[in-house]
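Asker: My questions will all concern the structure given below.
Residue numbers (my numbering): -2 to 581.
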């Protein structure tokens, strides 16, 4: 049970309103302050003594001066109150537009600034004080080029036979957009618990507890059209840890209890030291992302209107530093994804075949005739025509053929994914080191690994010595997955359709446990596992028969000693040409 008192104030000031609107500035500032005080109605560990009674008794003590009374009351309230006091300033989305200068339109107008600062103070019966502050600042730049023109390097061949097809080749010579960003974030918190009594009954001050984070992140990317049908993008992000550069191992308070504390270096002093190369940050993370796609317009070619194809690629590379002083190198990883999509316009292709055109015309004609001659449409004066079995068989057969080939399109997709990770990498992350080798001093993974095409790194680029003097493991993991899907729709009858889909996928996980001995030698233990699944259309005796035949095929090709299922005779199979999940 306690008494609560608090307030929360917030105000937003649009500083850009002080400037004429025609200048296009946006500068909102939000200031917030809040405070909450909680005072218990009863003194802790004092039985049922009310806080108000203690204050009244102290004020009634004639042996104390007014200042002594107030000091005792304040001391007791300081020990029992829970106080939280916070203040923040938010300056988000500082921007400008409609600049008259062309240079300003491409620089200032494309830039956004943000800054957020928070500070707080709190205490309670267990904690003497807890002070913290943090800020986050960012700058973003985004530039998009509208109506980017393309270069026709072979435009002069337009009238030349054969090679004239190259005249339509158009290449991009500049990006369609550029973006860059930078963030600076810092936070600090210090806490001191209330003094405790030592063995002699004297108050013992508790050590000051500190924590700090100080990091800088930057990013850059662009979009570029190699041709109208091949868009490409690139993104990179880098993070630096500035915590070490932002502190000095100097006792902050001078007290013996705080001998392990440190003092903070002002932010601008740290930045100045980094710029002048007297201080350096520690790269903690680096990431690259590549994307590309190809959408050829085959449907614009004569005779290929029924065929649509597209392919997309996504890949990248990641680099994560190990803890400072560990000597374990960095962890690197890459990823690769390739998607193929094919759409076959079977319907439009079938419509061009004369045989099916005649079938459709005859079916429409006879269906109309049958509807007109049905009893419901006759006036009852004429007798219904006698059944013609041969004619009915032809009619139903014609409809069956049209139903089987009623599919409008067949959609086929193939997705290929793979990832790789390796611990204990001793190289750097920068892309400009990718062409260097170990002999050059600075090197980073080659371009093939960064794109996700390659999964292996040379052992010579791993750490060559255990930092602890004992054997350590440098795990390497690879995953592979493939997925094929086919789908179509049959319009068997009016208002009756059947959706058909088929899917098969397989994946594999490989773990290579690389052991680095104290003598600098590498030993490897490789293990792998995987899964295969497929949807099956079963015609005949049913799924049980299908399952039993698949199971028998697996047993016939099983090499019990190696634990491998393979149809190859050399691997222990029977070589009959039948394998699991194949038609057999």
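Note that CB positions come from ideal geometry on N, CA and C, so glycine has one too.
Keep in mind it's a predicted model, so treat the numbers as computed, not measured.
Tell me residue 315's beta-bridge partners as DSSP assigns them.
Answerer: Paired residue(s): 284 and 330.
Asker: Please say whether residue 124 and residue 31 have beta carbons closer to each other than 7 angstroms?
Answerer: Contact flag unset, no.
Asker: Who are residue 214's beta bridge partners in DSSP?
Answerer: 180 and 236, per the DSSP bridge assignment.
Asker: Keeping to the same chain, check which residues put their C-beta closer than 6 angstroms to that of residue 11; ignore five residues upstream and five downstream.
Answerer: Closer than 6 angstroms at Cβ, skipping near neighbours: 25.
Asker: Find out if the Cβ-Cβ distance for the pair residue 449, residue 333 is shorter than 7 angstroms.
Answerer: Closer than 7 angstroms, so yes.
Asker: Suppose contacts are defined by Cβ-Cβ distances below 7 angstroms. Is residue 29 in contact with residue 38 by that definition?
Answerer: No, the Cβ-Cβ distance between residue 29 and residue 38 is not below 7 angstroms.
Asker: On the premise that residue 468 lies in contact with residue 436, defined as a C-beta separation below 8 angstroms, what is that separation, rounded to the nearest angstrom?
Answerer: Not quite, the Cβ-Cβ distance comes to about 28 angstroms (not below 8 angstroms), so this is no contact.
Asker: Pull up the CB-CB distance for residue 240 and residue 210, whole angstroms please, since I reckon it's below 8 angstroms.
Answerer: About 6 angstroms; that satisfies the 8 angstroms criterion.
Asker: Please list the terminal residues of the continuous alpha helix (DSSP H) segment that includes residue 582.
Answerer: Past the boundaries of the shown model lies residue 582; the chain is included only from -2 to 581, so the question cannot be answered.
Asker: At a cut-off of 6 angstroms, would you count residue 199 as near the ligand MG, judging by its Cβ distance to the nearest heavy atom?
Answerer: By its list of ligands, the structure shown contains no ligand whatsoever, and the ligand MG lies outside what it can speak to.
Asker: Ignore the nearest five residues each way along the sequence and tell me which others in residue 81's own chain have a CB closer than 6 angstroms to its CB.
Answerer: Closer than 6 angstroms at the Cβ level, and outside the excluded window around residue 81, lie 33 and 119.
Asker: Since residue 569 sits in a beta bridge, which residues does DSSP pair it with?
Answerer: Looking at the DSSP assignment, residue 569 forms no beta bridge with any residue, so it has no partner.
Asker: Per DSSP, what kind of secondary structure is residue 13 in: helix, strand or coil?
Answerer: Looking at residue 13 - three-state DSSP - the assignment turns out to be helix.
Asker: Pick out whichever of 541, 542 and 564 has its Cα sitting closest to the Cα of residue 552.
Answerer: The option with the nearest alpha carbon to residue 552 is 564.
Asker: When DSSP labels each residue in this structure, what does residue 292 get in the three-state scheme?
Answerer: Residue 292: coil per DSSP, three-state reduction.
Asker: First and last residue of the beta strand (DSSP E) that includes residue 297?
Answerer: Premise fails: residue 297 is in no beta strand (DSSP E) and is neither H nor E.
Asker: If you draw a straight line from the alpha carbon of residue 581 to that of residue 572, how long is it in whole angstroms?
Answerer: In this prediction, residue 581 scores a pLDDT of 44, lower than 50, which makes its location untrustworthy; no coordinate-derived value is stated.
Asker: Comparing C-alpha positions only, which one of 184, 556 and 456 sits nearest to residue 569?
Answerer: Of the candidates 184, 556 and 456, the one whose C-alpha sits nearest the C-alpha of residue 569 is 556.
Asker: By Cβ distance, which residues of its chain are closer than 6 angstroms to residue 339, with the 5 residues on each side in sequence left out?
Answerer: Around residue 339: 306 and 409.
Asker: Taking the C-alpha atoms as reference points, what is the distance between residue 356 and residue 577?
Answerer: When rounded, the distance between both Cα atoms is 41 angstroms.
Asker: Of the choices 36, 532 and 102, whose alpha-carbon is the least far from that of residue 71?
Answerer: Here the closest residue by C-alpha is 36.
Asker: Residue 3 bridges to which residues according to DSSP?
Answerer: Answer is 33, bridged to residue 3.
Asker: Whose C-alpha, out of 279, 90, 485 and 270, is nearest the C-alpha of residue 494?
Answerer: Out of 279, 90, 485 and 270, 485 has the C-alpha closest to the C-alpha of residue 494.
Asker: Since residue 444 is in the beta strand (DSSP E), which residue starts that stretch and which ends it?
Answerer: Taken as a continuous stretch (DSSP letters only), residue 444 belongs to no beta strand (DSSP E), being part of the alpha helix (DSSP H) at 444 to 447.
Asker: Residue 525 and residue 501: beta carbons closer than 7 angstroms?
Answerer: Contact: no.
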